[in-house]
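Peer 1: Take a look at this one; I'll ask things after.
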Amino acid sequence: MFDFFANIFGYVLNFIYNFVGNYGLAIIIFTILLKLVMLPLSIKQQKTMKKSTKLQAEVKVLQEKYSNDPVRLNQEMMDLYKNENMSPFSGCLSSILQMIVILSIFFLVSRPLTFMLHVDEKVINDYVTEIKQESEGKASYQEIAVIKAKGAEDERVRINMDFLGLDLSDVPSNNFSNWKVFVIPVLYVCTSIISMRITTSMQKAKQEEKKEEKSKDETEDAMLEMNKTMNYMMPIMSVSIALIAPLGLALYWLVSNVLMIIERLIINKVCNDA
């Protein structure tokens, strides 16, 4: 499944690359386009979250009213969500799609000859075999190694990965002596911290609103705690992957993070005013 989406993304990225002639610039434009495509889903998710928060009060009333009748409780809750035109699992779709996109992009930047340039598999395998014979160590990313070793002499496997003095084919964990490879991952960490602060601020605002109520919904509290944990775990996991993946992936995540911060602020403003 990830190969399928990586292949589709690869056609789009290659189309952009043929216009701009630079891999880094192509990734930035690709990330912006992808965010625009997924914007309606993000808006819907934000509205669903706010609507779900408002429904918690009604859900709690039902839970208290039918505490001794779970069958009736389930039916009443289903009717409530149906009347409000909501699904209790609507938030899952967005999370699943985001995970599919993340893994598909990882496949794409790890194997750009296959998914972006669509180079014949035999050509790639022949070069991989040749490189293995010429070098003692085994490359972490074989197609990246082919681009580095053979791109200058064979245009079929050539991608301009020089971006603002950085080689986007470099893997930070393999280049500890070169401080430049850590510029993009560090910037990604900084934007992740900003994103977490914005999310935490929004969650605190919701908690302040809830303090005005006489009682608190334990289920919602548990969800808030889970979201808080995920807000810390996701950047840590992403940074770990960014250190062992080509810099192209870190650049995608950095640009995506910046766009997400802007998107979150705007959508939250619009939803609050609505």
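Residues 5 to 278 in the working numbering are what the sequence shown spells out, letter by letter.
Note that beta-carbon positions come from the ideal geometry of N, C-alpha and C, so glycine has one too.
Among residues of its own chain, excluding the 5 on either side of S144, which ones have a beta-carbon nearer than 7 Å to its beta-carbon?
Peer 2: The count along the sequence shown starts at 1 and reaches residue 144 at position 140. Leaving aside the five residues that flank S144 on each side, the residues in its chain whose CB is nearer than 7 Å to its CB run, in chain order, V175 and N178.
Peer 1: Should Q146 be labelled buried (16 or more other beta-carbon atoms within 10 Å of its own) or exposed?
Peer 2: Residue mapping note: residue 146 aligns to position 142 of the sequence shown, counting from 1. Buried.
Peer 1: Select from G28, I135, F19 and K136 the residue whose C-alpha is nearest the C-alpha of L255.
Peer 2: Within the sequence shown, residue 255 is the residue found at index 251, counting from 1. Minimum Cα distance to L255 is reached at G28.
Peer 1: Just list the residues that DSSP pairs L170 with in beta bridges.
Peer 2: Here residue 170 refers to the residue found at position 166 of the sequence shown. In the DSSP output, where bridge partners are listed per residue, L170 has F167.
Peer 1: Is it buried or exposed for M5, if we count other Cβ within 10 angstroms and need 16 for buried?
Peer 2: For this step, residue 5 is matched to residue 1 along the sequence shown. Label assigned to M5: exposed.
Peer 1: Thinking C-alpha only, which one of L251, R268, F111 and E157 is nearest G14?
Peer 2: Position 10 of the sequence shown, counting from 1, holds the residue named residue 14. Per the Cα distances, F111.
Peer 1: Answer with buried or exposed for N261, where buried requires no fewer than 16 other C-beta atoms within 10 angstroms of its C-beta.
Peer 2: Sequence index remark: in the sequence shown, residue 261 carries index 257 (1-based). Looking at its Cβ environment, which holds 16 or more other Cβ atoms inside 10 Å, N261 is buried.
Peer 1: Helix or strand or just coil, what does DSSP make of Y145?
Peer 2: In the sequence shown, residue 145 corresponds to position 141, counting from 1. DSSP places Y145 in coil when its eight states are reduced to three.
Peer 1: Of the choices L168, E267 and E157, whose alpha-carbon is the least far from that of A252?
Peer 2: Here residue 252 is taken as the residue at index 248 of the sequence shown, counted from 1. Ala is not the amino acid found at residue 252; the sequence shown has Gly there. For the residues L168, E267 and E157, the minimum Cα distance to G252 belongs to L168.
Peer 1: Measuring only the C-alpha atoms, how far is I33 from V185?
Peer 2: Indexing the sequence shown from 1 puts residue 33 at position 29. Indexing the sequence shown from 1 puts residue 185 at position 181. Cα to Cα, the separation comes out at about 21 Å.
Peer 1: Would the beta-carbon of I151 fall within 8 Å of that of S173?
Peer 2: One-based indexing of the sequence shown puts residue 151 at position 147. One-based indexing of the sequence shown puts residue 173 at position 169. Between I151 and S173, the C-beta spacing is below 8 Å.
Peer 1: With a threshold of 16 other CB atoms inside 10 Å of the CB of N87, please say whether the residue is buried or exposed.
Peer 2: Position 83 of the sequence shown holds residue 87. Flag for N87 reads exposed.
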